[in-house]
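Structure, as structure tokens:
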Amino acid sequence: FSDPDLIHGPLEALFTVDEETGLTGANALQPGFLTGKTLINLDSEDEGKIYIGCAGGVKTSIEYTSQWENISSGAYYNLEISGLKGGHSGDDIEKGRGNAIKILTGFLSESMEHFTLRILNIEGGNLHNAIPREASAIVNIPEPEKSRFLQHADIYFERIQKELGENDPEFKLHVTDYQPNNSICLHSEMAKGMIEALHACPNGVIAMSEKIKELVETSLNIASIKRDKNNNFQIVISQRSSNDLAIKELVRNVKNLFEITGAKVEVGDGYPGWEPNLDSPILKIAQSTYESLFNRKPEVKAIHAGLECGLFLAKFPELDMISIGPTIRSPHSPDEKLEISTVDKTYQYLKEILVAVSKG
7 FSDPDLIHGP LEALFTVDEE TGLTGANALQ PGFLTGKTLI NLDSEDEGKI
57 YIGCAGGVKT SIEYTSQWEN ISSGAYYNLE ISGLKGGHSG DDIEKGRGNA
107 IKILTGFLSE SMEHFTLRIL NIEGGNLHNA IPREASAIVN IPEPEKSRFL
157 QHADIYFERI QKELGENDPE FKLHVTDYQP NNSICLHSEM AKGMIEALHA
207 CPNGVIAMSE KIKELVETSL NIASIKRDKN NNFQIVISQR SSNDLAIKEL
257 VRNVKNLFEI TGAKVEVGDG YPGWEPNLDS PILKIAQSTY ESLFNRKPEV
307 KAIHAGLECG LFLAKFPELD MISIGPTIRS PHSPDEKLEI STVDKTYQYL
357 KEILVAVSKG
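Numbering (our numbering), first residue to last: 7 to 366.
Put into structure tokens, the structure is as follows:
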């Protein structure tokens with residue numbers, strides 16, 4: 007600082023690495039590394055907003071060993087869902103956007119009740135922290151049932167389009183003829199178990215916060231389904247919550263659901279959440295300081311995504327924390343932009359908070 011005499015008492019600066027690729031720097035912190043009891047994180051992206059909480063997360067990996075059987079005849083179709091907005095599975099989960107895998111497995115599950123549907127393949131999604139925008143399946147239908155099946159598909163997806171409305175106006179389903187390389191399909195019982203588990207699995211917002219208005223507390227995102235080099239199906243599900251008990255229960259329920267249908271399930275170590283504390287001393291200082299500097303009240307927020315603060319708190323339970331920062335738009339993308347005028351504003355704000363803290 008240009009005027010260090012204003013700051014009374016020791017300051018510690020903590021720089022971490024690999025925040026975006028696994029929080030490995032924060033995760034490597036050892037006991038005793040920090041001696042302070044108050045931490046101001048500078049990783050938020052909205053000037054004028056003070057963040058006091060974040061979600062923890064767990065990735066669940068599910069594997070179905072493929073089993074195959076022969077098909078004697080029938081019509082083959084490729085079903086492709088596209089045009090969905092997708093988005094971040096934390097920041098955008100409450101916006102009512104469609105999950106392509108959930109939509110597709112809902113249709114397949116319902117179709118299995120009314121038709122002799124056989125499945126050759128299903129895939130969709132990509133990243134574990136993204137709402138899947140696209141998904142596809144290759145199916146077989148007996149010739150006598152194909153016209154009714156196509157009519158059923160039109161009706162089903164028209165209904166989904168109405169449900170999504172303006173949240174996903176570009177949603178589309180393409181149904182095209184398909185020519186298989188061979189006459190095999192997934193074993194009917196194996197396929198039914200996998201599809202029914204995906205259909206039954208909850209998806210989206212599970213619970214809202216009771217402490218902060220309009221904040222998602224707990225959510226689940228069916229992120230991807232792919233075939234590996236052995237032709238087994240690999241499914242990834244991400245669970246988030248700022249409530250440790252809630253996420254543990256959700257993970258356990260998901261694990262039980264898929265294991266009942268014959269899948270192998272592995273639950274990752276995950277990362278901890280940061281439960282909001284509206285009585286935080288540093289929050290009160292930050293609020294009054296911002297109002298004094300800029301003559302308006304800051305917003306107090308929490309985010310339904312992971313921050314290093316969750317790991318800091320897990321390793322140093324006595325920490326009193328807030329997170330602030332200048333305004334950044336489209337972070338972690340080629341369109342990332344920094345609002346330059348908010349940088350000096352954030353600097354002045356940080357300095358005044360430190361002055362206030364050092365004065366006790």
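Where a beta carbon is used, it is the ideal one built from N, C-alpha and C, also for glycine.
Please read these numbers as outputs of a predicted model, since none were measured by experiment.
Roughly how many angstroms separate the alpha carbons of D183 and N127, rounded to a whole number? Your numbering for residue 183 matches position 177 in the sequence shown. Your numbering for residue 127 matches position 121 in the sequence shown. Cα to Cα, the separation comes out at about 14 Å.
Taking the alpha-carbon of G38 as reference, which of M327, E342, F318 has the nearest alpha-carbon? Position 32 of the sequence shown, counted from the first residue, corresponds to residue 38. Residue F318 is the option with its Cα nearest to G38.
Evaluate N236 with the Cβ neighbour count: other Cβ atoms within 10 Å of its Cβ, from every protein chain shown; 16 or more gives buried, anything less gives exposed. Taking the sequence shown and counting its residues from 1, the one referred to as residue 236 is at position 230. Looking at its Cβ environment, which holds fewer than 16 other Cβ atoms inside 10 Å, N236 is exposed.
Ends of the alpha helix (DSSP H) at V260? As a first step, residue 260 must be located in the sequence shown, where it is residue number 254. V260 -> alpha helix (DSSP H) spans 250-266.
Is F239 helix, strand or coil when you go by DSSP? Taking the sequence shown and counting its residues from 1, one reaches residue 239 at position 233. Three-state result, F239: strand.
Pick helix, strand or coil for S347, following the three-state DSSP scheme. Locating residue 347 in the sequence shown gives position 341, counting from the first residue. Of the three classes helix, strand and coil, the one that applies to S347 here is helix, per DSSP.
Own chain partners of L114 with C-beta closer than 8 Å, once the 5 adjacent residues on each side are dropped: To locate residue 114, count along the sequence shown from 1; it is residue 108. Only L123, I125, I128, A143, V145, I201, H205 meet the Cβ criterion.
Tell me whether H310 sits in a helix, a strand or coil according to DSSP, three-state version. Here residue 310 corresponds to residue number 304 of the sequence shown, with the count starting at 1. It is coil, neither helix nor strand.
Length of the line joining the Cα atoms of N47 and I288: Along the sequence shown, one-based indexing puts residue 47 at 41. Along the sequence shown, one-based indexing puts residue 288 at 282. Going from the Cα of N47 to the Cα of I288 covers about 12 Å.
Can you tell which of D234, Q36, T30, G104 has the C-alpha that lies nearest to the C-alpha of V211? Your numbering for residue 211 matches position 205 in the sequence shown. V211 has its Cα closest to that of G104, out of D234, Q36, T30, G104.
Using DSSP bridges, identify the partner residues of M327. As a first step, residue 327 must be located in the sequence shown, where it is residue number 321. DSSP, once it has assigned bridges, lists L45 as partnering M327.
What residue ranges within the region 33-89 form continuous alpha helix (DSSP H) runs of no fewer than 4 residues, ordered along the chain? none
Minimum C-alpha distance to E272 - residue among E164, S244, P304, P148: Numbered from 1 along the sequence shown, position 266 holds the residue referred to as residue 272. Of the candidates E164, S244, P304, P148, the one whose C-alpha sits nearest the C-alpha of E272 is S244.
Compute the Euclidean distance between the alpha carbons of E195 and R165, then round it to the nearest angstrom. To locate residue 195, count along the sequence shown from 1; it is residue 189. To locate residue 165, count along the sequence shown from 1; it is residue 159. For E195 and R165, the distance between alpha carbons rounds to 28 Å.
According to DSSP, what are the bridge partners of Q245? The residue you call residue 245 lines up with position 239 of the sequence shown. Note: Q245 sits in a beta bridge opposite V64, L226.
Please tell me whether S95 and N132 are closer than 8 Å, where the distance is taken between their beta carbons. On the sequence shown, position 89 is the one that residue 95 refers to. On the sequence shown, position 126 is the one that residue 132 refers to. No.
Apart from the five residues on each side of it in sequence, which residues of its chain come closer than 8 Å, Cβ to Cβ, to Q157? Position 151 of the sequence shown, counting from 1, holds the residue named residue 157. For Q157, where only same-chain residues beyond five positions count, there are no Cβ hits under 8 Å.
Going by DSSP, name the residue or residues bridged to D94. For this step, residue 94 is matched to residue 88 along the sequence shown. The sequence as given places His at residue 94; Asp does not occur at that position. H94 is bridged to A136.
Looking at the structure shown, is K365 part of a helix, part of a strand, or coil, going by DSSP? Numbered from its first residue, the sequence shown carries residue 365 at position 359. Three-state result, K365: coil.
N227 versus T333: straight-line alpha-carbon distance, rounded: Translated into the one-based positions of the sequence shown, residue 227 becomes position 221. Translated into the one-based positions of the sequence shown, residue 333 becomes position 327. If you take the alpha carbons of N227 and T333, they lie about 27 Å apart.
Which of helix, strand or coil does DSSP assign to L356? For this step, residue 356 is matched to residue 350 along the sequence shown. Looking at L356 - three-state DSSP - the assignment turns out to be helix.
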